[in-house]
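Take a look at the structure set out below.
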Amino acid sequence: MEKLNRSIIKCQKCSRLVKFRKKISQNKRKQFINEKYWGKPITGFGDAKGKILFVGLAPAAHGGTRTGRVFTGDRSSDFLYKCLYKVKISNKPTSNNINDGLKLNNAFITTALKCVPPGDKPLLSELNNCSLFFNKEINNLKNLSVIVALGKIAFDTCVYFYKKNYNLNEKINFGHGQIYSLPNNIKLVGCYHPSPRNVNTGRINERMMTNLFKKIKKLN
87 MEKLNRSIIK
97 CQKCSRLVKF
107 RKKISQNKRK
117 QFINEKYWGK
127 PITGFGDAKG
137 KILFVGLAPA
147 AHGGTRTGRV
157 FTGDRSSDFL
167 YKCLYKVKIS
177 NKPTSNNIND
187 GLKLNNAFIT
197 TALKCVPPGD
207 KPLLSELNNC
217 SLFFNKEINN
227 LKNLSVIVAL
237 GKIAFDTCVY
247 FYKKNYNLNE
257 KINFGHGQIY
267 SLPNNIKLVG
277 CYHPSPRNVN
287 TGRINERMMT
297 NLFKKIKKLN
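Next up, the structure:
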């Protein structure tokens, strides 16, 4: 996994994404003006021997792209880790920076796309480039049994990945709490993204999210 992470961090394949992440690192948000942004591709984080894999679409512009760790330092991560902590998947209810002592229990978290895309809308060519890394991450997670896709785009990306690499023909549609069987005895679970938009509109709340996470813990 360490070798894979080094290759992810060095990646320069997608010129559009390279330019965008550099732009973000230079045009900082006011509250982070004195911070040095990571500004590179983001690797996965957590327990490489874990059975649960959480997959987001891409690093947040001023979250992971700033802090250097997936789902760290933004409002989505605040909600996500509050729920993960309640079901004892994480040892802390917050994810603020790479030196905060955060650990995941029996779980690993990553993104389908390793760099933040403009407008949170990746190109198919960019997803294809990153699918090589995603494939290697999955192969390195030897005990993997459940993939939790955080949001429809991440869910569709996982489905696309399995159709491309494992000839998956089943029709699979996103739905919060929907569970599907994938090749190699892996379950795919749809989950609303922990974004402020979903939380503020009531599409998702702590009770819904923690109930789903409890269900997921029983699957593996």
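Under this note's numbering, the first residue of the sequence shown carries the number 87, and numbering increases by one thereafter. C-beta: ideal position from N, C-alpha, C; glycine also. Note that this is a predicted model, so its numbers are computed, not measured.
### Message
alanine 240 and leucine 274 - do their beta-carbons sit closer together than 8 Å?
### Response
Here residue 274 corresponds to residue number 188 of the sequence shown, with the count starting at 1. Here residue 240 corresponds to residue number 154 of the sequence shown, with the count starting at 1. Against a cut-off of 8 Å, the Cβ pair of alanine 240 and leucine 274 comes out as no contact.
### Message
If I measure Cβ to Cβ from isoleucine 110 and keep anything under 6 Å in the same chain, skipping five residues before and after, which residues do I get?
### Response
The residue you call residue 110 lines up with position 24 of the sequence shown. Once the five neighbours on either side are set aside, the close Cβ partners of isoleucine 110 are Ala147 and Thr151.
### Query
Which residue's Cα is closest to the Cα of valine 156: Lys178, Cys169, Cys201 and Arg283?
Within the sequence shown, residue 156 is the residue found at index 70, counting from 1. Checked all of Lys178, Cys169, Cys201 and Arg283; the closest Cα to valine 156 is Cys201.
### Query
What first and last residue would you give for the alpha helix (DSSP H) that runs through cysteine 201?
Along the sequence shown, one-based indexing puts residue 201 at 115. It is not in any alpha helix (DSSP H) - cysteine 201 carries neither H nor E in the DSSP assignment.
### Query
Do glycine 130 and isoleucine 195 come within 8 Å of each other at the CB atom, strictly closer than that value?
In the sequence shown, residue 195 corresponds to position 109, counting from 1. In the sequence shown, residue 130 corresponds to position 44, counting from 1. A contact, by the Cβ cut-off of 8 Å.
### Message
I need the straight-line Cα distance from serine 211 to serine 217, nearest angstrom please.
### Response
By 1-based counting over the sequence shown, the position of residue 211 is 125. By 1-based counting over the sequence shown, the position of residue 217 is 131. Using only the alpha carbons, I get a separation of about 10 Å.
### Query
Apart from the five residues on each side of it in sequence, which residues of its chain come closer than 7 Å, Cβ to Cβ, to aspartate 133?
The residue labelled residue 133 in the question sits at position 47 within the sequence shown. The residues are Leu190, Asn191, Asn192, Ala193 and Phe194.
#### Entry: Residues bridged to cysteine 277 [DSSP beta-bridge criterion]
Along the sequence shown, one-based indexing puts residue 277 at 191. Beta-bridge pairing links cysteine 277 to Leu236.
### Task
Look up phenylalanine 78 in the DSSP assignment and give the residues it is bridged to.
Any property of residue 78 remains undetermined from this structure, which presents the chain solely from 87 to 306.
### Message
Tell me the rounded alpha-carbon separation between lysine 58 and lysine 304.
### Response
Residue 58 falls outside the range modelled here, since the chain spans only 87 to 306, and no answer is possible.
#### Entry: Range covered by the alpha helix (DSSP H) that runs through phenylalanine 118
Indexing the sequence shown from 1 puts residue 118 at position 32. No alpha helix (DSSP H) holds phenylalanine 118; DSSP gives it neither H nor E.
### Message
Taking the alpha-carbon of aspartate 206 as reference, which of Thr180, Arg107 and Tyr167 has the nearest alpha-carbon?
### Response
Here residue 206 is taken as the residue at index 120 of the sequence shown, counted from 1. Out of Thr180, Arg107 and Tyr167, Arg107 has the C-alpha closest to the C-alpha of aspartate 206.
### Member of Leu213, Ile265, Asn271 and Asn253 whose CA lies at the smallest distance from the CA of glycine 142
Taking the first residue of the sequence shown as 1, we reach residue 142 at position 56. Here the closest residue by C-alpha is Leu213.
### Query
Any chance the stretch 295-303 sits against the stretch 254-261, with 3 or more Cβ pairs inside 8 Å?
no
### Query
Does the beta-carbon distance from valine 232 to isoleucine 290 come in below 8 Å?
Your numbering for residue 232 matches position 146 in the sequence shown. Your numbering for residue 290 matches position 204 in the sequence shown. For valine 232 and isoleucine 290, no; Cβs fall outside 8 Å.
#### Entry: Expected contact under 8 Å - CB spacing of threonine 158 and asparagine 182 to nearest Å
Walking along the sequence shown from the start, residue 158 turns up at place 72. Walking along the sequence shown from the start, residue 182 turns up at place 96. The pair is a contact, with the Cβ atoms about 7 Å apart (cut-off 8 Å).
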